[in-house]
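Data block below; observations after.
There are 2 protein chains.
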Amino acid sequence: MKPRSQQPDDQHLTEQLGATGLRLTPQRQQVYDVLRHKRDHPTAEEVFIRAKKSMPEISHATVYNCLDALVKSGLARQVTLDRGATRYCPNMHEHGHFHCDVCATVFDVDLPEQAMKLPKGFKADHFDIAIHGVCADCAKKK
Amino acid sequence: MKPRSQQPDDQHLTEQLGATGLRLTPQRQQVYDVLRHKRDHPTAEEVFIRAKKSMPEISHATVYNCLDALVKSGLARQVTLDRGATRYCPNMHEHGHFHCDVCATVFDVDLPEQAMKLPKGFKADHFDIAIHGVCADCAKKK
DNA sequence: TTTCAATTTAGAATTATTCTAAATCTTGAC
DNA sequence: GTCAAGATTTAGAATAATTCTAAATTGAAA
């Protein structure tokens, strides 16, 4: 039976990271936990601040390194909206990001099952779909 | 008959900008021309360097302002890929951006006609679709 | 236990973007 | 034609986001 301290599934993390030639380190675990704990698409800076709460000695460069490692190994995604800082999302199901232009909240939205038509010979690895508009709450207020 | 010096259609630019409460200035015209001249999804810095060739006195802040104005008035789109600088695209037809992870080239790709299913009450303004993968040329080389 | 490569650290440095105050420009009113 | 007002540009300075660096640390394999 798995030790209760191991969560969500260290073995899974180790496997995913290992498949990319990377190790699961306490810092990477922490950064991953931060992403999973509050799924509000935080920036690297926000992740850094949150991670420092439980791991005061973690550094900026480490947070960037950890985020890169998680993205590279398929444990997180980058969300790039407009010209601000890149955000991060631990939801690895195929989905899009709805960005409300009023309250600036980012929502995960499901995608229709649809094969994108690529030019001949192109090979797709993944899709990043961002939708800009107004969320239900902000639409109501107008 | 329109003067040949006016291109692609200053009246159209003036109208689009005007609809957003903005003016068509020589700088905005120049930045727009830069985007249309070489459609390689340049960064603000690249646009700045290119614009300076014909307009040496243009400043950084102006280029950012001009790009913002073009985006705001529907004459250009922002392309955000990974954590680098934002890129710009003058193609206002609904399309996606294919980013080759090998040669870092960005290609415009057509989108299937498909209505995205949004959560109830949400209102979409536009979509930004980025596809990451390998282009035909780089796929061949492997 | 030792070695070695991966990783972290703490800043420094670079890149990307925004801000500021003064100057300039354009348009409309008179 | 002049003037006023607001938009815009300018030239840096400043801030934000990200990357780099060299030394230290860590963990796994030998």
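If you're matching them up, the sequences are chains A and B in order.
Just so you know, this note's numbering puts 38 at position 31 of the first sequence, and the rest follows in order with no gaps.
Just so you know, this note's numbering puts 25 at position 18 of the second sequence, and the rest follows in order with no gaps.
Virtual Cβ for every residue (Gly too), placed ideally from N, Cα, C.
With a cutoff of 8 Å on beta-carbon distance, alanine 76(B) and leucine 125(B) are scored as not near each other.
Histidine 102(B) and leucine 24(B) have their C-alpha atoms some 22 Å from each other. With a threshold of 8 Å between beta carbons, methionine 99(A) makes no contact with chain B. The C-beta separation of alanine 51(A) from valine 70(A) comes to about 6 Å, placing the pair in contact by the 8 Å criterion.
A Cβ of chain A is located within less than 8 Å of the beta carbon of threonine 87(B).
Chain order gives no chain A residues near histidine 102(B), where near means a beta carbon separation below 9 Å; the closest approach is about 11 Å.
Distance from the Cα of valine 113(A) is smallest, within the candidate group Cys142(A), Asp17(A), His19(A), Gln18(A), for Cys142(A).
Looking at Gly140(A), Phe134(A), Asp135(A), Lys127(A), the one whose alpha-carbon comes closest to that of lysine 127(B) is Gly140(A).
Apart from sequence neighbours up to five positions away, the residues of its chain that approach phenylalanine 105(A) with a beta-carbon distance below 6 Å are Phe114, Val116, Ile138, ordered along the chain. Under the 8 Å criterion on CB atoms, cysteine 96(A) is classed as non-interfacial with respect to chain B. Within chain A, the residues placing a beta-carbon under 9 Å from that of alanine 131(B) are Phe105, Ile138, His139, Gly140, Val141, ordered along the chain. Membership of isoleucine 136(A) in the beta strand (DSSP E) is indicated by the continuous run 130 to 141.
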